[in-house]
Each structure stands twice: as structure tokens, then as C-alpha cells.
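Participant: The sequence shown maps to residues 26 to 160 in this note's numbering. Below you'll find the structure I mean.
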Amino acid sequence: MEAFLGKWKADTSRDVGVKEYMSAGLMPPEVVEKILTNGYTLEIVKSGSGYRAEMTSPGSPTISNEFQLGKEITLDGPGGLKLKSISKLDGNKIVEDATAENGLKLNIVREIINGELKMVTTSQAGEMTQYFKRC
Numbered sequence: 026m027e028a029f030l031g032k033w034k035a036d037t038s039r040d041v042g043v044k045e046y047m048s049a050g051l052m053p054p055e056v057v058e059k060i061l062t063n064g065y066t067l068e069i070v071k072s073g074s075g076y077r078a079e080m081t082s083p084g085s086p087t088i089s090n091e092f093q094l095g096k097e098i099t100l101d102g103p104g105g106l107k108l109k110s111i112s113k114l115d116g117n118k119i120v121e122d123a124t125a126e127n128g129l130k131l132n133i134v135r136e137i138i139n140g141e142l143k144m145v146t147t148s149q150a151g152e153m154t155q156y157f158k159r160c
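Structural data, given as C-alpha cells:
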């Protein structure tokens with residue numbers, strides 16, 4: 026888990042399917058455009074016996090969620106979407122299974138490859154791949 030700690034900036038030039046995925050009814054179009062236009066960072070820090078993940082995008086509210094590996098939490102997603110989520114370590118990956126309040130089931134796999142954070146999100150809405158570089 027230590028390899029994931031720190032601040033990461035999205036490399037939106039390498040996004041695959043992100044706009045299409047986010048626009049598939051998950052978030053209002055104006056939120057999608059704002060996030061993709063302004064860029065965003067993700068910071069993961071140790072917090073007590075768990076972790077805090079914070080997503081920041083200029084002009085949008087910061088989204089901050091506390092979690093512990095193996096424990097279900099309710100978290101806030103972009104655009105105000107609420108999700109029930111559980112994250113676990115699987116080798117060198119963080120695997121998160123979540124269910125949104127609208128019933129959408131998501132699987133999010135985060136892994137560090139060559140010093141970059143790769144995040145693949147899959148659900149009934151499709152799939153998106155995001156890449157992040159350390160700040």
C-alpha cells in the first residue's frame with residue numbers, strides 16, 4: 026500500500042474512454058467537462074488506522090474519503106454520486122468493488138507500473154483507463 030501514498034496528477038492525454046464512461050449517466054455533463062478541462066489530482070495519505078484519498082480539480086469541490094482495507098464504507102464520488110465500497114490489496118494492486126446509489130456496480134483496479142499509477146474502472150457503463158504521474 027505504501028507505493029500508492031503521495032500526490033498524483035492525472036495524465037489526461039493518456040485517458041482511454043474516460044469522457045464516454047463518465048458521460049454514461051454517472052455525472053452531469055457540466056461536471057464531466059469541468060473535470061476533464063481543468064485536470065485533477067489524487068492524493069492518498071495514511072490516516073490513523075486507514076487511509077484518506079482526496080481528489081482535487083480546480084473549480085470543483087474537493088472530494089475526500091477515508092477508508093480501511095477490507096472494510097465497507099460509504100463514499101462520495103464526483104458529481105455527488107454516493108457509493109458503498111470495499112477496497113483490498115491483491116498482490117501489488119488495490120482492488121475496489123463499489124455499488125453506486127443508482128445500482129451501478131463498479132470494479133476499480135489501481136496498480137503502480139513503472140512509477141505511474143494506472144487505474145482501470147469497469148462497470149455496466151463500460152470501461153475507462155486513467156494514468157497518473159507523481160507530483
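Each residue gets a CB set at the ideal place from its N, CA and C atoms; glycine is no exception. These numbers were taken from a predicted model, which means no experiment stands behind them.
Comparing C-alpha positions only, which one of Q155, Y76, E68 sits nearest to I138?
Facilitator: Q155
Participant: Taking the Cβ atom as the reference point for each residue, do G84 and N63 lie within a distance shorter than 8 Å?
Facilitator: yes
Participant: With DSSP run on the structure shown, which of helix, strand or coil describes G75?
Facilitator: strand
Participant: Alpha carbon to alpha carbon, how far is R77 from L30?
Facilitator: Cα-Cα distance, rounded: 10 Å.
Participant: Mind checking S72: buried by the 16 CB within 10 Å criterion, or exposed?
Facilitator: exposed
Participant: On a CA-only basis, which of E141, L129, G95 is nearest M52? Give me that one, please.
Facilitator: L129
Participant: With distances taken between CB atoms, is the gap from A35 to G151 smaller than 8 Å?
Facilitator: no
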